[in-house]
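First up is the structure itself, then whatever we jot down about it.
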Amino acid sequence: RKEVEQDPGPFNVPEGATVAFNCTYSNSASQSFFWYRQDCRKEPKLLMSVYSSGNEDGRFTAQLNRASQYISLLIRDSKLSDSATYLCVAGYNKLIFGAGTRLAVHP
Amino acid sequence: DTGVSQNPRHKITKRGQNVTFRCDPISEHNRLYWYRQTLGQGPEFLTYFQNEAQLEKSRLLSDRFSAERPKGSFSTLEIQRTEQGDSAMYLCASSSTGTGGQETQYFGPGTRLLVL
């Protein structure tokens, strides 16, 4: 079983749609949680940190449930430029990445 | 550009050759991480340094792999006697401890290795 598991997708959605990604992590000692975005053949870039209280950054909302070891990302009003792979991350010092969820936003 | 830099960006080598990659972290960052990423997977942790001390190594890091950060600034990752299975993107990231909140790692552009 992978330490961080997420649905690989792809999620194909029209512009303006709301899309939700979920992931689970197995190491209860994890202390840091993030969503990274990765474009094809590029390095991962931090999208947002994830906190138990939930946090929002514009169209993006992230949520952490420590009890069920579950992390989510909600994207509202999808844009074409949101097309990418979204990597769920849990860790303590070293980061453990999921394999990524691919999102394709079409006109 | 004050981000993480990596050199070379691409490397093609023949099986059995040695290769060395370099990473220059963000200047004020005391932690430096190496990850490896293969197609369709997320990055996998290899090792990390705090200043010049190597604090953790993954079991993925076989005896053919060695990493150094001699002066606590740039780091090198060497792979000896390369194998075709070493073909991957090698990513370096850096971060700063003691800033409060979650420690954020910033990634370099990676070195893409192809072993023929």
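Protein sequences appear in the order of chains A and B. Under the working numbering, residues 1 to 107 are what the first sequence spells out, in order. Under the working numbering, residues 1001 to 1116 are what the second sequence spells out, in order. Glycine included, each C-beta is placed from N, C-alpha and C at the ideal position.
Handout entry: is_contact[SER32 (chain A), chain B] using C-beta, thresh 7 angstroms
Key = yes
Problem - Spatial neighbours of VAL1115 (chain B) in its chain, beta-carbon cut-off 7 angstroms, leaving aside the 5 residues before and after - result: THR1013, ARG1015, THR1082, GLU1083, GLN1084, ASP1086 and SER1087
Handout entry: Outcome for CYS40 (chain A) when other beta-carbon atoms lying within 10 angstroms are tallied against a minimum of 16
Key = The C-beta of CYS40 (chain A) has fewer than 16 other C-beta atoms within 10 Å across all chains shown, which makes the residue exposed.
Exercise for the section: Identify, in the order they occur along the chain, each residue of the same chain with its Cβ nearer than 7 angstroms to the Cβ of PHE97 (chain A), setting aside the five sequence neighbours on each side. Expected result: VAL4, LEU87 and VAL89
Exercise for the section: With 7 angstroms as the threshold, decide whether the Cβ of THR1013 (chain B) is near any Cβ in chain A. Expected result: no
Handout entry: Residue-level contact to chain B via CB, SER49 (chain A), 7 angstroms cutoff
Key = Yes, contact with chain B.
Practice task
Return yes when the Cβ of LEU1032 (chain B) is within less than 7 angstroms of the Cβ of ARG1069 (chain B), no when it is not.
Solution key: yes
Problem - Whole-angstrom distance between VAL19 (chain A) and LYS1057 (chain B), CA atom to CA atom - result: Looking at the backbone, the Cα of LYS1057 (chain B) and that of VAL19 (chain A) are separated by about 37 angstroms.
Problem - Span of the beta strand (DSSP E), counted from its first residue to its last, around LYS42 (chain A) - result: Run containing LYS42 (chain A): none; DSSP gives neither H nor E here.
Handout entry: Endpoints, beta strand (DSSP E) assigned at THR1097 (chain B)
Key = Note, THR1097 (chain B): premise wrong, no beta strand (DSSP E); not H, not E.
Exercise for the section: Run down chain B in chain order and give the residues with a C-beta less than 9 angstroms from the C-beta of ASN22 (chain A). Expected result: In chain order: nothing, as chain B lies at least about 15 angstroms away.
Problem - GLN1105 (chain B) (DSSP reduced to helix, strand or coil) - result: In this structure, GLN1105 (chain B) counts as coil in the three-state DSSP scheme.
Exercise for the section: Could you tell me how far apart the beta carbons of TYR36 (chain A) and PRO44 (chain A) are, in whole angstroms, since I believe they sit closer than 8 angstroms? Expected result: 4 angstroms
Practice task
Give me the Cα-Cα distance between GLY54 (chain A) and ALA99 (chain A), rounded to the nearest whole angstrom.
Solution key: 23 angstroms
Practice task
For GLU1020 (chain B), collect the residues of the same chain with a Cβ closer than 6 angstroms to its Cβ; drop the 5 residues on either side in sequence, then sort them by chain order.
Solution key: In the sequence as presented, Glu is not what sits at residue 1020 (chain B); that position holds Thr. Answer for THR1020 (chain B): THR1076 and GLU1078, listed in chain order.
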